[in-house]
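One structure is given here, and the rest of the page talks about it.
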Amino acid sequence: MKEKRKHVIVAGGGVAGMEAAGSLAEMGIRVTLIEKGEDPGGHLLQWHALFPGRRPAEEVRKYLRKRIAHENINIITRTTVEKIRHHGHEIIADLSGGTEERADAVIVATGFDLFDAHRKEEYGYGIYDNVITSADLEEMFNRKRVVRADGSVPSRIGFIHCVGSRDEKVNNNHCSKVCCVAAVKQAIEVRKLLPQCEVFCFYMDMRMFGPYYEELYRESQEVHNVNYIRGKVSEASVNINNRLVIKVEDTLAGRPLKMELDLMVLMVGMEMSKSGARLAEASGLNTGINRFLESADHHYGSNRSGVAGIFYAGTCTAPMNITDTISHSRAAVEETVRYLGGR
Amino acid sequence: MSSDIFIWPFNLGLYFILIYSVVRSTIWFRNLSRADKLRLQRGFFGMPFMQSIREIFMESLLHRRIFKKNPVLGYMHMSLAFGWFLLIVFGTIEADFFGERHLNPPSHAIFFRWFNPEHGTTGLASLYGHWMDFLLAFILSGLLLAIFKRFIPGMMGMKKTTRHTWTDRIALTSLWLIFPSRLLAESFTCGVHGSGGFLTGNLGAALSSLLPAADIAPYFWWLYSLSLGTFFFLLPVTRYFHIPVELLLIFMRNSGITTADRWSAYTEVQTHACSSCGVCISVCQMSRAAGINDMQSTYFVKGLRNERDIAAITANCLMCGRCDEVCPVGIELGPLRLIERRQGERPATMLSFFDRYGLTRRREHIEREQTQSYSYLAPEKEQPADVLFFAGCMTHLTPSVIVAMKKILDSAGVRYRFMDEQGGVCCGRPLMLAGRDREARELINHNSDIIWKSGAKTLVTSCPICYKVFRESYYLEAQVMHHSEFINLLIEEGSLRLGYLHRRVVYHDPCDLGRGSGIYDEPRAVISYVAELQSVAEERSMSLCCGGSLGNLTLSSEKRAMIAADTARTLTQSAPDELITACPLCKKTFVQATETRVSDIAELVAAALPRPVRKTRSRASLTAVKTATDG
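Those protein sequence lines, which keep their order, are chains H and L. Under the working numbering, read the first sequence as residues 1 to 343, first letter to last. Under the working numbering, read the second sequence as residues 344 to 974, first letter to last.
This is how it looks when you write it as structure tokens:
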């Protein structure tokens, strides 16, 4: 009897899920890609340009779209995987619509949620008109119009780093890694789009971990005149001219500082996605104190769940940039294929 | 007569404890301040005396407060305390009435059966014997419960029970032995002589038919006397010292003596009045939600009593006041902790067993060194206003509350000045909670200056932390109101036109507003006016702390998050649309702990304002003044 073709479910259609689905399909494995949104693409759909080179995000989106345009891949959108359970050698995924999907293995690629800036009320997101998040700013770049709520052009913009990251008060002790360089990238873009606008970044540490990140940081200061102030913003208010007034301690100068801003951008961090957390809870998958999925081994098993047939890809395990997500996703495919071959 | 020598352990113990108690009380009295001495003297010859007698009867004997909380636990305490009391009283009457002489020494009443083994076989005496047996049975039933409680605390509805020192254990054992040994001693004696009530008589008859009762009886009389003697000798160094000291505490409290802000004879009496019952452990949220079981008030007080190094315990408290609320002895636990926080570094003395009998020892007040000064604060210029609005540091971290308050004040047409709109100076309470009173005083003086100069009649604040300190530690002419009170006033006088929101909401009493300041009704009135208010499991004076408390500077974020999650779970059990609080700190804490929408009471009211905002003049400020003068 001819052996049945192997089938893998990929939970999540962001960068990690799309790359995993593409790689598996290429090897002749049947894939069901399950995405909660309207279309696959994840957070990348909102991005205008990518660090460090500021290439258009569309280029990577195009690559990923091509990757999943394969006959072996069946895409189910507006659906989430609610629970993964074992039935003999088979794995059953319960989907949000009440249906179920049977497969030989599952790759969990549920990704991350952006930190909800409302939870840091002192910054006034949702309360003051001119407080936006980094994601909102990226949308503005897409429309090529960076303006205040009343339509006027800002003359001073402040970027607040580490919103919802490295912050015990919101139960997030982890660093989201990519926000620092994202702020540098966005600061440069603001300066290029609005040459008259001053830009200030308020940071705790600048963590330029990837290739060419440090160079970008330097460029932003030397070429684009972006100002960096080391210190965390404590609170924001609005003055009579409807300008934002922030209080911050300049920890290098060792003095408190008050500054007026026209627009304040909150660099929101990454958190375990809600749907991913639900899936982990229902399926008995381990999560760490940072609430992301906990891999079987930190160093050489970061794609393994510790449960037979379930593998992890991308930012459901920790914050990552796109480069690392794609590498991590390919490694998950390798682990999955080895598992399928060994059965 | 030589066989009566067994009474001496009891006699020595009794005389020791009587003399000791008198001496100790005299020293405490001598150490009271002049004013407190006068209070106590006046109280002793006035109404407070009767009040104290009543309270001693109701609380120290009947244990009414414990009864209300937990009937089984109440019965246990009542049978031991009231039962023993009755046994002594009726024993004395018995000895006086049926004995050979009148006015016998106490040992003749306690060991009555030994001295009158054949007494009580007929008539009234026999009836009296049954009554005495009944009292003994009453005590023994309580004792049985006490033994159960020690080994299975859960059975008595106590989640936790206190850990005891070895002296406590010996004293406890001797206490437990007193009544069974009395039962057996009397029974053996009655068995020999064919006397005794329904208990000792029948048990005695049964025992004497099996055993040589006449030979065994003296051993149990010895055990009875030794248990009593041991208990009395150990009393001053064990938790059972609370029994006599509580009586003194009740007299002092009813005479109007209060815990001030430093150590005094009264605070020392309070530390000795603690019975280490452990009720404070059961209600403490650090225990119930965060698994911390060694920082509660009972351990704090015991550490004070024995002069241990309790710096860690002193600091690790939310200062939420739940234990104050339930303490059956009524010890002011929060204020005691604050006093200890005010102290400078103190070497732990580690008192030895014998030191603990010491009479002259007294916790000295050590002035803490002032570490900071706010002398750089420039005096503010005069800015007159009728109503001052002080948001406070915490409210500046919840700008939605400020936005809502502005809308409400404008809508009601209140002419106000926003005192700290451009940033202000802290109210001083966080420093006070940390025991830094002198530093706090500088901030208080600075803010007082601004408020006095403004000539304001009303000071409205959005923060219960500020509210409490404005009311208690500032000397102001302006009436201090929390915004929930002020909004309630605006509604009552008809200055605010509000719609009805079809939302089911629950209300969380912030510690400093509820337990701390007694404001429970105004926020509820306001909420009920604009939405459907549902009740929650633990509210009003037993409200839970949100976990964000400024009172604790050592608790980790993880433990705080555990407390916050537990409290939020309790509050949102009915799945309300919204969780309402009246404190910016509670709001900030809950937002991280629950998926339910969290709002301040001001936000809820602002949402019920008609749109567009109408500007009308109001009499709010005038009414506020009127209520202030009315008291």
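We put the beta carbon where it would ideally sit given N, CA and C, even for glycine. Note that the coordinates shown come from a computational prediction; the quantities given were computed from them, not determined experimentally.
Legend entry - Three CB pairs or more closer than 8 Å across the region 61-78 of chain H and the region 238-256 of chain H: no
Inset, instruction - Indicate whether at least one CB of chain H lies closer than 8 Å to the CB of His739 of chain L. - result: The beta carbon of His739 of chain L sits closer than 8 Å to some beta carbon of chain H.
Inset, instruction - State yes or no: is the beta carbon of Glu294 of chain H nearer than 8 Å to at least one beta carbon in chain L? - result: No, Glu294 of chain H does not count as interfacial toward chain L.
Legend entry - Backbone secondary structure at Phe494 of chain L - three-state DSSP: helix
Inset, instruction - Check whether the Cβ atoms of Ser283 of chain H and Arg85 of chain H lie closer than 8 Å to each other. - result: yes
Legend entry - C-alpha distance - Val626 of chain L paired with Thr913 of chain L, whole-angstrom precision: 14 Å
Inset, instruction - For my contact list, Met762 of chain L and Val812 of chain L are in at a C-beta cut-off of 8 Å; report their separation, rounded to the angstrom. - result: Contact doesn't hold; Cβ gap of about 15 Å is too wide.
Inset, instruction - Leaving out five residues on either side along the sequence, give the residues of the same chain with a beta carbon under 7 Å from the beta carbon of Ile682 of chain L. - result: Asp604, Arg605, Trp606, Thr610
Legend entry - Nearest neighbour of Ser892 of chain L, chosen from L:Ile521, L:Glu836, L:Leu856 [CA to CA]: L:Leu856
Legend entry - Reduced DSSP secondary structure (H/G/I, E/B, other) of Tyr339 of chain H: In the structure shown, the three-state DSSP call for Tyr339 of chain H is helix.
Legend entry - Met140 of chain H, enclosing alpha helix (DSSP H) - first and last residue: Counting along the chain, the alpha helix (DSSP H) containing Met140 of chain H begins and ends at 134-143.
Inset, instruction - Consider the Cβ of Ala904 of chain L: report whether some Cβ of chain H lies at a distance smaller than 8 Å. - result: Yes, Ala904 of chain L lies at the interface with chain H (some Cβ there is under 8 Å from its Cβ).
Legend entry - Member of L:Cys533, L:Gln394, L:Asp780, L:Gly756 whose CA lies at the smallest distance from the CA of Gly837 of chain L: L:Gly756
Legend entry - Helix, strand or coil at Glu26 of chain H [DSSP, three-state]: helix
Inset, instruction - Hey, could you find the ends of the beta strand (DSSP E) Ser234 of chain H is sitting in? - result: Its beta strand (DSSP E) spans residues 233-238.
Legend entry - Helix, strand or coil at Lys247 of chain H according to DSSP, with G and I counted as helix: strand
Inset, instruction - Mind checking the region 878-905 of chain L against chain H and listing, in chain order, the residues whose C-beta falls within less than 7 Å of any C-beta there? - result: Ser900, Ala904
Legend entry - Within 8 Å of chain H by C-beta, residues of the region 848-874 of chain L in sequence order: none
Inset, instruction - Quick one: list the residues of chain H neighbouring Val768 of chain L, beta-carbon separation under 7 Å, in chain order. - result: Those within 7 Å of Val768 of chain L in chain H number zero; the least Cβ separation is about 13 Å.
Inset, instruction - Using a threshold of 8 Å, state whether the C-beta atoms of Cys769 of chain L and Cys806 of chain L are closer than that. - result: no
Legend entry - beta strand (DSSP E) segment containing Lys120 of chain H, residue limits: Segment: none, Lys120 of chain H is in no beta strand (DSSP E) and carries neither H nor E.
Inset, instruction - With distances taken Cα to Cα, identify the nearest neighbour of Arg493 of chain L among L:Ser718, L:Glu668, L:Leu578, L:Arg512. - result: From the listed residues L:Ser718, L:Glu668, L:Leu578, L:Arg512, the smallest Cα separation to Arg493 of chain L is found for L:Arg512.
Inset, instruction - Check the Cβ-Cβ distances between Lys2 of chain H and every residue of chain L, and say whether any is below 8 Å. - result: Only weak support is given to the placement of Lys2 of chain H: the predicted model assigns it a pLDDT of 49, under 50, and the question is left unresolved by the model.
Legend entry - Ordered list of alpha helix (DSSP H) runs contained in the region 735-804 of chain L, each at least 4 residues: Taking only runs of at least 4 residues, the alpha helix (DSSP H) segments lying wholly in the region 735-804 of chain L are 736-739, 742-754, 772-776, 780-797.
Inset, instruction - Spell out a yes or no on whether the region 158-175 of chain H and the region 262-270 of chain H are touching, meaning 3 or more CB-CB pairs, one atom from each, closer than 8 Å. - result: Yes, the region 158-175 of chain H touches the region 262-270 of chain H.
Inset, instruction - Give every residue of the same chain whose Cβ lies closer than 7 Å to the Cβ of Glu138 of chain H, excluding the five residues on either side of it in the sequence, and list them in chain order. - result: Gln46, Trp47, His48
Legend entry - Contact between the region 51-58 of chain H and the region 6-14 of chain H (3+ Cβ pairs under 8 Å): no
Inset, instruction - Check the Cβ of Gln935 of chain L against every Cβ in chain H and list those closer than 8 Å, keeping chain order. - result: The contacting residues are Arg119, Lys169, Val170, Asn171.
Inset, instruction - Select from the region 720-753 of chain L all residues with a C-beta closer than 7 Å to any C-beta belonging to chain H, and list them in chain order. - result: His739, Leu740, Thr741, Pro742, Ser743, Val746
Legend entry - Proximity of Gly314 of chain H and His328 of chain H at Cβ, strictly below 8 Å: Cβ atoms of Gly314 of chain H and His328 of chain H: closer than 8 Å.
Inset, instruction - Check Ser942 of chain L in the structure and name its three-state DSSP category. - result: DSSP places Ser942 of chain L in strand when its eight states are reduced to three.
Inset, instruction - Indicate whether at least one CB of chain L lies closer than 8 Å to the CB of Ile127 of chain H. - result: yes
Inset, instruction - Mind the definition here: the region 918-926 of chain L touches the region 844-862 of chain L only if three or more C-beta pairs lie below 8 Å; say whether that holds. - result: yes
Inset, instruction - Taking 8 Å as the cut-off, decide whether the C-beta atoms of Ile674 of chain L and Gln628 of chain L are in contact. - result: no
Legend entry - CB contact check: Val337 of chain H to chain L, cutoff 8 Å: Interface with chain L (8 Å Cβ-Cβ cutoff): Val337 of chain H is excluded.
Legend entry - Contacting positions in the region 91-125 of chain H - beta carbon closer than 7 Å to chain L: Arg119, Glu121, Glu122, Gly124
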